[in-house]
Structure formats: structure tokens, C-alpha cells
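Undergrad: Start counting the sequence shown at 4; every next residue gets the next number (my numbering). For every residue, glycine included, the Cβ atom is placed at its ideal position computed from N, Cα and C. Since we're looking at a predicted model, the values are computed, not measured. Right, I'll just put the structure down here and ask away after.
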Amino acid sequence: MLHGDDGQPKDVSECYCGCIEESKPLLNKIVVLDPGHGGIYTGAINYGFRESDINLSVALKLRKKLARLGATVIMTRKRDVSLAPAGSTLDADLQARVDVAKTSDADIFVSLHVDDVPNINLLGPTSYFPKGRSSGLAYAIQTSLVNGIICTVDNGVSPADFYVLVHNDMPAALIELGYLSNPSEALCLMDNTYQNLIANSILNGIINYFLC
Ligand SMILES: [Zn+2]
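In C-alpha cells:
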């Protein structure tokens with residue numbers, strides 16, 4: 004996490020964009036952003052909100068911020084669509100996301116999701132890395148999210164065998180941004196300002212991963 008003079012987490016995108024226009028710390032970095040679900044695969048639905056919409060909205064914000072700092076950003080989807088043709092299996096949709104990453108020569112793959120569980124009291128982000136491989140990217144993003152959101156719960160970093168993690172060769176992380184099952188957090192996750200806060204935090208995590 005980068006900090007300003009007042010000790011508070013620094014909004015790196017604003018700084019580099021507003022003060023040091025020519026500074027592009029992520030130049031030559033290729034980032035694949037994977038907004039989870041989409042189209043017929045909505046992911047979780049709670050309180051009238053759809054996970055796929057939150058994932059996409061945060062990813063589009065993050066894409067802009069990454070691009071401002073020089074990164075080349077490749078999105079697995081930019082609209083509310085599934086990636087595999089109609090009638091395909093879920094695995095085909097997930098493999099299509101992996102294929103995007105594999106053909107892009109990317110440095111990192113970041114998949115965005117939102118959790119949904121029966122216990123409506125759970126809240127906060129959780130980050131996952133591919134089982135048996137480096138936790139560095141997930142750890143950098145999780146740390147930055149917890150520092151950035153401030154009033155939240157740190158659910159930590161865990162290994163996982165999610166399809167898009169284990170079928171990718173590059174450093175990868177799957178981020179559960181929060182819990183759609185928690186009524187308060189669900190409202191936050193749909194909020195434009197909160198989505199920007201999350202996107203800025205993930206941006207800081209990615210910068211720290213590459214530069215620290
Ligand atoms: Zn999901």
C-alpha cells in the first residue's frame with residue numbers, strides 16, 4: 004500500500020493521473036481482467052442485485068485506472084454476455100476465459116467475483132490463488148483491499164482450485180469483493196463510490212505486486 008503525507012492510503016490513480024501525467028508505472032504490463040459470470044451465468048442473485056453486474060462494473064472501473072497508468076488491459080468480457088456459445092457447458096465458458104489469458108501473453112490474470120453464503124452476517128473481501136502456486140498477487144490485492152476499505156473484515160488469502168486459477172499458467176488471483184448475502188455489504192457493492200474504492204484498492208495491490 005502506498006501512503007500519502009498524512010499516513011492515509013494514497014489514491015495512486017489520481018496522483019499519477021493528475022500530478023505526474025507522464026508517469027506510467029504499469030507500462031508494458033499486460034493485465035487480464037475477468038469479470039466473473041455474465042449472460043446466462045448471473046452468479047449470485049440477492050436483494051435484486053446480480054453478481055455478474057457488480058463484477059463487470061468494478062472491472063470496467065479498474066480497467067480505466069490500470070490503463071491510465073500505462074497497463075494494457077484485456078477484458079474477458081466487456082458486456083453482460085457469457086463467453087461460450089449458447090448450449091455450451093459452464094466449463095466451456097470458464098475455458099474461454101482461460102483462452103483469452105493464454106493468447107494475450109499477459110503478466111497477470113485477475114478474476115473478480117462476489118460471495119454469497121447462507122450466513123448474512125459475513126462480510127469483507129477474500130482473495131484466492133492457484134493451489135500449489137504463488138500467493139503473491141492475491142496477497143498484494145487482499146492487503147490493499149483491507150487497507151483501502153478500512154471498515155471491513157479481512158478474510159485472508161487462501162489456495163483454491165477454481166477453474167480459471169488452476170488452468171492458467173500465469174500469476175493469477177480470484178478476488179471475492181465482498182458478500183452479496185450481507186444486506187449492508189450488498190448495498191455497498193452496488194454503490195458507485197464504493198465500487199471506485201474497491202477498484203482503486205485493487206489497482207494499488209497490482210502496483211505493489213509489480214513494483215514492490
Ligand atoms: Zn462468482
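DSSP state of Tyr142, grouped into three classes?
TA: Residue state, collapsed to three classes: helix.
Undergrad: If distances are taken between C-alpha atoms only, which option among Gly139, Leu168 and Val103 comes closest to His116?
TA: Leu168
Undergrad: What ranges does the alpha helix (DSSP H) occupy inside the segment 45–73, keeping only unbroken runs of at least 4 residues that lie completely in it?
TA: 54–71
Undergrad: If you draw a straight line from the alpha carbon of Pro174 to that of Ile57, how long is it in whole angstroms?
TA: 24 Å
Undergrad: Using 10 angstroms around the beta-carbon of Ser26, count the other beta-carbons present and answer buried if the total reaches 16, otherwise exposed.
TA: With fewer than 16 Cβ atoms within 10 Å of its Cβ, Ser26 is classed as exposed.
Undergrad: Please report how far the alpha carbon of Asn124 lies from the alpha carbon of Ala47, in whole angstroms.
TA: Going by the C-alpha atoms only, they are around 16 Å apart.
Undergrad: I believe Leu140 touches Ala176 by the beta-carbon criterion, under 8 Å. Please report the beta-carbon distance rounded to the nearest angstrom.
TA: 4 Å
Undergrad: Can you look up Phe213 in the DSSP assignment and give me helix, strand or coil?
TA: helix
Undergrad: Does DSSP put Ile153 in a helix, a strand or coil?
TA: Of the three classes helix, strand and coil, the one that applies to Ile153 here is coil, per DSSP.
Undergrad: Label Gly51 either buried or exposed according to how many other C-beta atoms from any shown protein chain fall within 10 Å of its C-beta, with 16 as the threshold for buried.
TA: exposed
Undergrad: If you compare alpha carbons, which of Arg71, Thr45 and Glu179 is closest to Leu30?
TA: Arg71
Undergrad: Enumerated in chain order, which unbroken segments of the beta strand (DSSP E) with a length of 3 residues or greater are wholly contained in the segment 76–139?
TA: The beta strand (DSSP E) runs of length 3 or more contained entirely in the segment 76–139 are, from start to end of the chain, 111–118 and 129–133.
Undergrad: Whose CA, out of Ile209, Glu179, Leu214 and Ser187, lies closest to the CA of Leu59?
TA: Glu179
Undergrad: Measuring straight from C-alpha to C-alpha, what distance separates Ile144 and Asp110?
TA: 15 Å
Undergrad: Would you say the beta carbon of Glu54 comes nearer than 8 Å to a heavy atom of ligand 1?
TA: yes
Undergrad: Going by beta carbon distance, what residues of the same chain come within less than 6 Å of Gly208, once the five residues before and after it are set aside?
TA: Ala143, Ile144 and Ser147
Undergrad: For Asn171, which residues from the same chain have a beta carbon less than 8 Å from its beta carbon, with the 5 sequence-adjacent residues on both sides left out?
TA: Val101, Ala104, Lys105, Phe112 and Pro133
Undergrad: Express the C-alpha separation of Leu183 and Leu63 in angstroms, rounding to a whole number.
TA: 19 Å
Undergrad: Pick out whichever of Pro128, Ser187 and Asp119 has its Cα sitting closest to the Cα of Asp157.
TA: Pro128
Undergrad: Measuring only from the beta carbon, is Asn49 closer than 8 Å to any heavy atom that is part of ligand 1?
TA: no
Undergrad: Mapping DSSP to helix, strand and coil, what is Ser184?
TA: Of the three classes helix, strand and coil, the one that applies to Ser184 here is coil, per DSSP.
Undergrad: Out of Ala163, Ile205, Gly90 and Lys32, which one is the CA nearest neighbour of Gly42?
TA: Gly90
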